[in-house]
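This report refers to the structure that appears directly beneath it.
In the numbering used here, the protein residues as written are 6 to 418.
Take a look at the structure:
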C-alpha cells in the first residue's frame, strides 16, 4: 500500500489522539506534543490525499469533527462543517484585545478602525492596542496568543502555580484563570513600566518554538521547507504589493505541509482543555466543544470576520478549491452590519480580569529562553516569522516518532 506524504500526515492526525486517550500517563511537567493535544480537543474528520473531506457526518456536541486540512480563517467562528475553527473570541482568549462588531472594517480582529472608516481602509491603518502600562484602562493590550501558549506551556512544565490556583470552575469554567495566566506571561515576558512589550515571533525559541506556522517568505511557488521569514499567509506578489490585509490569503496549501497550519489560539485552547480535564475530569471533558456546547447553538451571534471578494467564490464553500482562493484586485470588501451580542474579548475586558503589581509566583519562574526578539505582527493577529533571512521549521522528536509509528503501522495494514 503506497501512502503519500500528505496522506501520511493525516494518518498521524487520527492515530495520535486515540493512543494518548488510551494510555496517557503524562503529568503537568511532561506535556504531550501540542499537535496531538489539538487533535484530541478538536477531533478531525477524515480527508483524502488532497485534503477533501471523505464523508459528511452528524455534528453534535459529542460527535462533531473539525477540518484537518486547514487553509483559511474565512469560516472561523462559523459551523465546523464549513472548514473553519473557533475564533480567538470563541475560545475566550483573555488578552486578544479584539475590535468590536460595530459595523466598522475588520471586526473581531486586533485591528481597531474608526467607526466611520471606509471599507477600502487598509488593516495596517487600524492599529492593534499596545499599551505602556498593564495598569492602563486597556490593561496589557494585545498579547499575541502564541505568547500565552508559551507562557502556559512553560508554567505548567515548571509547575509555576498549583493546579488549584490555575483553575476556578465556578468563575471561569474550564479556562485558566486569566489573572494567573497573566502572571505567567509577565514572569516570562516582563514589561518595563512606561514601555511597550516587544514579544518575540512564534517560531523562535524565545517565542515558544511553535512548529505550525509555515511562513511564506520564499514566495507562493515554494511551499516547502526550509521556510523563510514572512507571515503565515501565502499571497500573490501582486496582492502583497497592494498593501491590503494579508490575513485573507490562504495558509500553506501545497507541498508536504499543506493544510497543517494551526492557529496558536487553537493550540492554547487545546492545552487549556487538556490541563482542565486533568485537574477537573468531572467538570471538564477532553474536547473543547463539550466544554463549550453553545458554539453549536443556531441562535449564537457568530464571531467570523468578513472577507473580500475572492477568486474561488464560485466553488462550493465546503471544498478545498474554495478555501484556497486568493483575494481579487481591485480590493472589494464590505464590512457588514453591526452584530449586537457577539462575543468580544476586548482590551477593557482584559483589564478587568487581572491584578497588576509585582508578579509573584509560588515557585520556579526562571525564564528558560534567551532575551526576546521584537514582535513583528502581520495583518490579522497571526504572528510573522523572525526578520532573519531564513528560519527552518522542524518537527519535534515526539511528533516525528509518532509519524514514523503511524506510517509504518498503516503500510503494514
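Even for Gly, the Cβ is constructed at its ideal location relative to N, Cα and C.
Should residue i be labelled buried (16 or more other beta-carbon atoms within 10 Å of its own) or exposed?
i: residue 99; result: buried
i: residue 59; result: exposed
i: residue 339; result: exposed
i: residue 384; result: Unreliable placement is indicated for residue 384, whose pLDDT of 45 sits below 50; no coordinate value is reported for it.
i: residue 319; result: exposed
i: residue 176; result: exposed
i: residue 46; result: buried
i: residue 360; result: exposed
i: residue 200; result: exposed
i: residue 57; result: exposed
i: residue 252; result: buried
i: residue 211; result: buried
i: residue 62; result: exposed
i: residue 140; result: exposed
i: residue 421; result: With the chain covering 6 to 418 only, the question about residue 421 has no answer from this structure.
i: residue 274; result: buried
i: residue 337; result: exposed
i: residue 120; result: exposed
i: residue 81; result: buried
i: residue 1; result: A question about residue 1 goes unanswered here, because the residues of the chain that appear run from 6 up to 418.
i: residue 67; result: exposed
i: residue 262; result: buried
i: residue 148; result: buried
i: residue 102; result: buried
i: residue 321; result: exposed
i: residue 137; result: exposed
i: residue 287; result: exposed
i: residue 197; result: exposed
i: residue 291; result: buried
i: residue 362; result: exposed
i: residue 303; result: exposed
Nearest to residue i by alpha carbon, out of the options?
i: residue 356; options: 157, 335, 184 and 321; result: 184
i: residue 83; options: 353, 361, 352 and 347; result: 347
i: residue 259; options: 63, 277, 325 and 351; result: 325
i: residue 311; options: 241, 261 and 124; result: 124
i: residue 208; options: 330, 217 and 153; result: 217
i: residue 50; options: 121, 69, 109 and 41; result: 69
i: residue 169; options: 126, 206, 282 and 214; result: 282
i: residue 162; options: 232, 136 and 36; result: 36
i: residue 1; options: 77, 44 and 42; result: Only positions 6 to 418 of the chain appear in this structure, which leaves residue 1 out of reach.
i: residue 353; options: 65, 147 and 143; result: 143
i: residue 52; options: 66, 64, 72 and 42; result: 72
i: residue 293; options: 145, 358 and 95; result: 95
i: residue 300; options: 241, 90 and 342; result: 90
i: residue 350; options: 66, 189, 54 and 112; result: 112
i: residue 214; options: 279, 191, 156 and 286; result: 156
i: residue 190; options: 39, 178, 219 and 204; result: 204
i: residue 194; options: 243, 151, 219 and 122; result: 151
i: residue 230; options: 265, 85, 171 and 342; result: 265
i: residue 188; options: 132, 153 and 197; result: 153
i: residue 333; options: 343, 254 and 298; result: 254
i: residue 267; options: 237, 244, 295 and 243; result: 237
i: residue 331; options: 298, 289, 306 and 245; result: 245
i: residue 243; options: 225, 232, 257 and 256; result: 225
i: residue 39; options: 280, 174 and 114; result: 280
i: residue 79; options: 222, 114 and 202; result: 114
i: residue 341; options: 122, 241 and 289; result: 122
i: residue 269; options: 219, 303, 241 and 289; result: 219
i: residue 186; options: 117, 86, 108 and 165; result: 165
Give me the Cβ distance between residue i and residue j, rounded to the nearest whole Å; I'm assuming they're in contact under 8 Å.
i: residue 308; j: residue 92; result: 5 Å
i: residue 128; j: residue 250; result: 4 Å
i: residue 88; j: residue 328; result: 6 Å
i: residue 2; j: residue 43; result: Residue 2 lies beyond the stretch modelled for the chain, which goes from 6 to 418, so this question has no answer here.
i: residue 172; j: residue 285; result: 6 Å
i: residue 343; j: residue 106; result: 6 Å
i: residue 130; j: residue 296; result: That belief does not hold up - the Cβ atoms of residue 130 and residue 296 are roughly 37 Å apart, past 8 Å.
What are the start and end residues of the alpha helix (DSSP H) that includes residue i?
i: residue 270; result: 269-284
i: residue 46; result: 39-46
i: residue 190; result: 183-193
i: residue 202; result: Unbroken run through residue 202: none, as it is neither H nor E.
i: residue 425; result: The requested residue 425 is not part of the displayed model; the chain covers only 6 to 418.
i: residue 295; result: 293-296
i: residue 354; result: 352-358
I'd like to know whether the C-beta of residue i is nearer than 8 Å to at least one C-beta of chain D.
i: residue 165; result: In the displayed structure, chain D is absent; only one protein chain is listed.
Within the present structure, is the beta-carbon of residue i separated from the nearest heavy atom of the ligand FMN by less than 7 Å?
i: residue 172; result: Of ligands this structure carries none, so the ligand FMN is not represented either.
So within the region 209-270, which uninterrupted alpha helix (DSSP H) runs reach at least 4 residues, ignoring any that extend past its ends? 242-247
Quick one: complete alpha helix (DSSP H) runs, 4+ long, within the region 138-189? 150-162, 168-171 and 174-177
List in chain order: all unbroken beta strand (DSSP E) runs of 3+ residues lying wholly within the region 82-140. none
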